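Contents: one structure, followed by commentary.
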RNA sequence: CGGGAUGUAGCGCAGUUUGGCUAGCGCGCUUGCCUUGGGAGCAAGAGGCCGGGGGUUCGAAUCCCUCCAUCCCGACCA
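Below is the structure:
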């Protein structure tokens, strides 16, 4: 490819509305252009990277026995009604009507379509297991698209669905995908980590997310610092180990106390001179169906995902002032479990072992001292509902948990029979009995993986692509395009590299060297071959490694093997 | 969806407070000369419904109303 023919419009300055580094660099380096919020044009450089990622994904899916197909983006509402998700999915589902006023959705995922397909075509256990996948545009009307490709409304995703006869088969398919994902992200040259995750609204038992580690990641993950332990989990999911208190403390007499204007844990702790660990924080939550009180230790935060799962509801919100007043009788900041009537009390495990605690008194400007669980109030549900923090013990081995940030680029789910039952997708076993197919689903965000790679690999000059997913391997830069000797040498090298199946850009633009160097760094070609006057006179080429800045001099005739060698390490 | 902000040339911005004459600057773009190892220099150009609509006014990029778009924080997120 010649740079004069390549549509790669680089920008010296990034558009002001680009915030995260991958977004800025994708715009500046001429990979993408915005069309609408969360919707982008992918220019040739971007397209090449996406194709490379897709190809790696494809090869690894095929290796595990996956079969590629293509399912529609436009899906009839009937299918979504049948699965029940037309109503449940909410405003995130892009909806449209055709000229006959029939409802359709733009697919955010394809469980309905694929399950229906298999329902019609698969009847026997002899046809199982079946692994079907596609690489397709997906649509989610995000409330707040942001961060460029990281959270778009239109994006490319690989989704595979597994169909097995039983849990054992599903486990097998799940392990296959776990392995495939590990290989995929390794081959992409990314630092990543599979973590235990919450299965969310999609349901199902077991699920892992594959996180590319990057400071800018939206997800917070905890992992065991112990070398031999591979526990890692999304904070949403990370379990606590509850260690009940060793020493017994005598229970003192319950005592009300005036606490003027002490509404936050901090204010109460300071005013009463007690540590936040001795305070029981009481939060009033509202679900679709009820109002509940949630108790955690003063220095802890409620994990709303765990709470959601505990309550088995779909939505959850902190109650507003009016509701708080109604259920507790006091304003916000003075809620407590003592004497609280009519609503369910859910307490975190730790709460049960706080003795002589401080809580709100359900009366304005007042708290209680010496509150003791079970003596002074009863707990309806005692379970793990709090956020686990770095520094706490690992639930597997007791080692110390460490924290990192990650970008979720893939997730694998065990779905079980959730969709097959709902949609009536069954097979006949050896005894001629109809059984629901046992399903799993497995996604990889292709566009997001590209953005994540940039988040992980960039410097002040631009993108630093891992060679496996770089849009091109090498850029050949003649310093002076008017110098015929330099140009013909550059042409020759361009041809030699191309003939060896190396992807090359010849920067034949009549620009000054500085401009071409800046663009080369910005676009992130793993290798740069510079051709100046010395290259011509001495037949020695300067090869620069983008990642390290390292330069080496290579004789013209050895360039191809040398480049091939270097690419293997990048 | 709640809070905040911004919309002026392809990109980055000034001008808006205090209405005024031909709407500016840098980068980029076009042509020519010159230059050629880290975003050179000189010269000449092209490029604007000042986000849309409505209003106030002799006069609106500037004031008022309204709609739209975009970004940030939060909530949300198979």
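In this note's numbering, the protein residues as written are 9 to 578.
Ideal Cβ positions, reconstructed from N, Cα and C, are used throughout, including at glycine.
All values reported here derive from a predicted model rather than from experimental measurement.
Residue 506, enclosing alpha helix (DSSP H) - first and last residue: On the first chain, residue 506 is found 498 positions in, with the first residue counted as 1. Secondary structure note for residue 506: its alpha helix (DSSP H) is the uninterrupted segment 492 to 507.
Practice item. Below 8 Å on the Cβ atoms is my guess for residue 455 versus residue 53; work out the distance and round it to an integer in Å. Key: Locating residue 455 in the first chain gives position 447, counting from the first residue. Locating residue 53 in the first chain gives position 45, counting from the first residue. The pair is not a contact, with the Cβ atoms about 14 Å apart (cut-off 8 Å).
Check your understanding: In its own chain, which residues sit with a C-beta less than 7 Å from the C-beta of residue 42, not counting the 5 before and 5 after it?
Key -> Counting from one through the first chain, the residue named residue 42 turns up at place 34. These residues qualify, in order along the chain: 48.
Is the number of C-beta pairs between the region 433 to 447 and the region 457 to 476 that are closer than 8 Å three or more?
The region 433 to 447 and the region 457 to 476 do not touch, with fewer than 3 CB-CB distances between them shorter than 8 Å.
Q) Where does the unbroken beta strand (DSSP E) through residue 414 begin, and where does it stop? A) Numbered from 1 along the first chain, position 406 holds the residue referred to as residue 414. It spans 409 to 424 - the beta strand (DSSP E) in which residue 414 sits, taken as one unbroken run.
- Task: May I have a chain-ordered list of the alpha helix (DSSP H) segments no shorter than 4 residues that lie completely inside the region 42 to 109?
- Result: Entirely contained in the region 42 to 109, the alpha helix (DSSP H) runs reaching 4 residues are, in chain order, 52 to 71, 85 to 91, 93 to 96.
With a floor of 4 residues, list each alpha helix (DSSP H) that falls wholly inside the region 286 to 371, ordered by position along the chain.
-> Every alpha helix (DSSP H) stretch that sits fully inside the region 286 to 371 and reaches 4 residues is listed by chain position as 312 to 319, 329 to 336.
Give me, in chain order, the residues of the same chain whose beta-carbon lies closer than 7 Å to that of residue 297; leave out the 5 immediate sequence neighbours on both sides.
As a working note, residue 297 is residue 289 in the first chain. Excluding residues within five positions, the ones whose Cβ falls inside 7 Å are 321.
Practice prompt. Kindly list the residues whose CB is nearer than 7 Å to the CB of residue 68, restricted to its own chain and excluding five residues on each side of it in sequence; keep chain order.
Written response: To locate residue 68, count along the first chain from 1; it is residue 60. Cβ within range, chain order: 188, 191, 192.
Buried or exposed: where does residue 325 fall if 16 or more other Cβ atoms within 10 Å of its Cβ makes it buried? Locating residue 325 in the first chain gives position 317, where the first residue counts as 1. Around the beta carbon of residue 325, fewer than 16 other beta carbons lie within 10 angstroms, which makes this residue exposed.
| If you count every other CB in all the chains shown that lies within 10 Å of the CB of residue 349, and 16 or more means buried, which is it? | As a first step, residue 349 must be located in the first chain, where it is residue number 341. Label assigned to residue 349: exposed.
For a minimum of 3 consecutive residues, which ranges assigned as the beta strand (DSSP E) are wholly contained in the region 158 to 240? Within the region 158 to 240, the complete beta strand (DSSP E) runs of at least 3 residues are 162 to 172, 200 to 204, 215 to 221, 227 to 232.
Margin query: Could you compute how far the alpha carbon of residue 462 sits from the alpha carbon of residue 473?
Written below: Your numbering for residue 462 matches position 454 in the first chain. Your numbering for residue 473 matches position 465 in the first chain. Going by the C-alpha atoms only, they are around 7 Å apart.
Helix, strand or coil for residue 474? Go by DSSP, reduced to three states. As a first step, residue 474 is located in the first chain; it is residue number 466 there, counting from the start. Reduced to three states, the DSSP call for residue 474 is coil.
Report the CB separation of residue 429 from residue 437 in whole angstroms; it is logged as a contact under 8 Å. Reading the first chain from its first residue, position 421 is the one you call residue 429. Reading the first chain from its first residue, position 429 is the one you call residue 437. Wrong, their Cβ atoms sit about 16 Å apart, outside the cutoff.
| task | Quick one: give me the first and last residue of the beta strand (DSSP E) that residue 144 is part of. | result | By one-based count along the first chain, residue 144 stands at place 136. Following the DSSP letters along the chain, one finds residue 144 inside the beta strand (DSSP E) bounded by residues 138 to 147.
- Task: Can you grab the Cα-Cα spacing for the pair residue 215 / residue 451, in whole Å?
- Result: Residue numbering aside, residue 215 sits at position 207 when the first chain is read from its first letter. Residue numbering aside, residue 451 sits at position 443 when the first chain is read from its first letter. If I take the Cα positions, the gap works out to 11 Å.
I need the DSSP call for residue 271, collapsed to helix, strand or coil. As a position in the first chain, residue 271 is number 263, starting the count at 1. Residue state, collapsed to three classes: coil.
Tell me whether the beta-carbon of residue 344 lies closer than 8 Å to the beta-carbon of residue 369. Against the first chain, residue 344 aligns to sequence position 336. Against the first chain, residue 369 aligns to sequence position 361. Cβ distance < 8 Å, so residue 344 and residue 369 count as in contact.
Using a Cβ-Cβ cutoff of less than 6 Å, which residues in the same chain neighbour residue 407 once the five nearest sequence positions on both sides are dropped?
As a working note, residue 407 is residue 399 in the first chain. Cβ neighbours of residue 407 beyond the five flanking positions: 232, 233, 234, 237.
* Asked: Can you tell me whether DSSP reads residue 284 as helix, strand or coil?
  -> Taking the first chain and counting its residues from 1, the one referred to as residue 284 is at position 276. Residue state, collapsed to three classes: helix.
8 Å Cβ cutoff met for residue 403 and residue 217:
Your numbering for residue 403 matches position 395 in the first chain. Your numbering for residue 217 matches position 209 in the first chain. No, these two residues do not count as a Cβ contact at 8 Å.
Which residues in the same chain as residue 259 place their Cβ atom closer than 8 Å to its Cβ, once the five residues preceding and following it in sequence are excluded? As a working mapping, residue 259 is identified with position 251 in the first chain. Exclusion of the five residues before and after residue 259 leaves 363, 364, 378, 380, 383 as the residues of its chain whose Cβ lies within less than 8 Å of its Cβ.
Check your understanding: Counting along the chain, where does the alpha helix (DSSP H) carrying residue 31 start and finish?
Key -> Here the question's residue 31 lines up with position 23 in the first chain. Note, residue 31: alpha helix (DSSP H), 29 to 36.
Measure the Cβ-Cβ separation of residue 341 and residue 295 and say whether it is below 8 Å. On the first chain, position 333 is the one that residue 341 refers to. On the first chain, position 287 is the one that residue 295 refers to. Not a contact, by the Cβ cut-off of 8 Å.
Inset, instruction - Identify the continuous alpha helix (DSSP H) that holds residue 576 and give its terminal residues. - result: As a first step, residue 576 is located in the first chain; it is residue number 568 there, counting from the start. 567 to 576 is the extent of the alpha helix (DSSP H) around residue 576.
Practice prompt. Would you be able to state if there are at least three C-beta pairs under 8 Å between the region 515 to 532 and the region 13 to 30?
Written response: Touching, yes.
**Q.** Close beta carbons around residue 245, own chain, < 6 Å, minus the five adjacent residues each side
**A.** Here residue 245 corresponds to residue number 237 of the first chain, with the count starting at 1. Correct list, in chain order: 204, 205, 206.
query = With burial defined as no fewer than 16 other Cβ atoms inside 10 Å of the residue's Cβ, what is the status of residue 30: buried or exposed?
reply = Position 22 of the first chain, counted from the start, is the residue given in the question as residue 30. Around the beta carbon of residue 30, a 10 Å sphere encloses 16 or more other beta carbons of the protein chains shown; the residue is thus reported as buried.
Practice prompt. Can you grab the Cα-Cα spacing for the pair residue 285 / residue 292, in whole Å?
Written response: In the first chain, residue 285 corresponds to position 277, counting from 1. In the first chain, residue 292 corresponds to position 284, counting from 1. Looking at the backbone, the Cα of residue 285 and that of residue 292 are separated by about 19 Å.
Span separating the alpha-carbon of residue 145 from that of residue 166 = Numbered from its first residue, the first chain carries residue 145 at position 137. Numbered from its first residue, the first chain carries residue 166 at position 158. Whole-angstrom Cα-Cα distance: 9 Å.
Discussion item. I need the straight-line Cα distance from residue 100 to residue 83, nearest angstrom please.
Written reply: Here residue 100 refers to the residue found at position 92 of the first chain. Here residue 83 refers to the residue found at position 75 of the first chain. The straight-line gap from Cα to Cα measures roughly 15 Å.
### Query
In the DSSP assignment, what residue or residues form a beta bridge with residue 453?
Against the first chain, residue 453 aligns to sequence position 445. Among the bridge pairs identified by DSSP, residue 453 is matched with 165.
Quick check on residue 535: does DSSP put it in helix, strand or coil?
Residue numbering aside, residue 535 sits at position 527 when the first chain is read from its first letter. It is a strand residue.
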